[in-house]
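As structure tokens, the structure follows; a few thoughts come after it.
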Amino acid sequence: MQEGPTAEAARERVQPELVDEVARDAAEVEGDASPSGLTDEASEQISSPTKLIRIASMVRTMLDEVRRAPLDDAGRRRLAEIHERSLEELESVLSPDLQKELGEVILPLTSESPTESELRLAQAQLVGWLEGLFHGIQATLFTQQAAAQGQLDQMRRRAIDQPPTAAGPSGYL
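Residues in the sequence shown are numbered consecutively from 77, following the numbering used here.
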């Protein structure tokens with residue numbers, strides 16, 4: 077079963093996301109980078125994915141706990157402190173672009189002892205942003221995998237299309 081020219085053209089248009097310094101430098105040399113020297117996606121990086129996942133799991137668990145049981149004043153204050161500390165830790169592993177985005181969408185808790193509703197909303201907002209971040213990472217990985225598969229297919233086609241080279245005289249008798 078052969079693929080049509082549209083499927084082949086679609087594969088060739090996919091551009092992988094540049095995520096490390098070496099790839100970014102290569103893009104600058106090849107002229108693929110934007111005028112700022114970075115691709116839009118390359119500026120959105122995470123320095124410690126495992127820390128990000130641990131924080132996200134903790135935030136989700138805290139949100140579940142807040143939904144299950146009523147909190148007293150001391151519990152609400154403690155949860156607000158944990159929420160603020162979680163945001164600080166998240167910012168430490170995010171690129172400046174992602175830090176800015178997080179700061180724009182997550183509103184700080186304003187009172188010393190927020191209500192349970194305020195805590196639930198703040199936690200749900202943070203969980204939603206983290207889930208969106210994870211979906212974006214998955215989409216990027218899928219795109220990179222599709223691009224790599226397309227490049228591999230293209231290399232295979234080139235190898236098949238090239239005529240075998242004539243073997244010249246060898247040094248053996």
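By construction, the Cβ of each residue, glycine as well, lies at the ideal position given by its N, Cα and C atoms.
Please tell me whether, using a cut-off of 6 Å, the distance from the CB of residue i to the nearest non-hydrogen atom of the ligand ADP is below it.
{"i": "D173", "result": "Looking at this structure, you won't find the ligand ADP or any other ligand, since it has none at all."}
Give the secondary structure of residue i by DSSP, where H, G and I count as helix, E and B as strand, and everything else as coil.
{"i": "L60", "result": "For residue 60 there is no data in the structure shown, the boundaries of the chain being 77 and 249."}
{"i": "L209", "result": "helix"}
{"i": "L147", "result": "coil"}
Going by beta carbon distance, what residues of the same chain come within less than 8 Å of residue i, once the five residues before and after it are set aside?
{"i": "V181", "result": "Q201, W205"}
{"i": "F210", "result": "A132"}
{"i": "E160", "result": "P184, L185"}
{"i": "R143", "result": "R196"}
{"i": "R234", "result": "none"}
{"i": "V203", "result": "A132, V135, R136, L139"}
Roughly how many angstroms lie between the CA atoms of residue i and residue j, to the nearest whole one?
{"i": "E194", "j": "A224", "result": "45 Å"}
{"i": "L174", "j": "D237", "result": "45 Å"}
{"i": "P146", "j": "L197", "result": "15 Å"}
{"i": "E157", "j": "P190", "result": "10 Å"}
{"i": "K176", "j": "L170", "result": "9 Å"}
{"i": "G212", "j": "G151", "result": "34 Å"}
{"i": "A215", "j": "G208", "result": "10 Å"}
{"i": "Q121", "j": "S162", "result": "18 Å"}
{"i": "G226", "j": "T126", "result": "30 Å"}
{"i": "D148", "j": "L128", "result": "29 Å"}
{"i": "L178", "j": "S123", "result": "15 Å"}
{"i": "F218", "j": "Q199", "result": "29 Å"}
Hey, is residue i's beta-carbon within less than 7 Å of any beta-carbon in chain D?
{"i": "S171", "result": "Absent here is chain D; the protein component of the structure consists of one chain."}
Leaving out five residues before and five after residue i in sequence, what residues of the same chain have Cβ atoms less than 7 Å from its Cβ?
{"i": "E188", "result": "R153"}
{"i": "E141", "result": "none"}
{"i": "E192", "result": "V142, P146, L147, R152"}
{"i": "L155", "result": "M138, V142, L147, L195"}
| query | Hey, is the region 121–137 in contact with the region 162–174, meaning 3+ C-beta pairs nearer than 8 Å? | reply | Taking 8 Å as the limit for Cβ pairs, the verdict is that the region 162–174 does touch the region 121–137.
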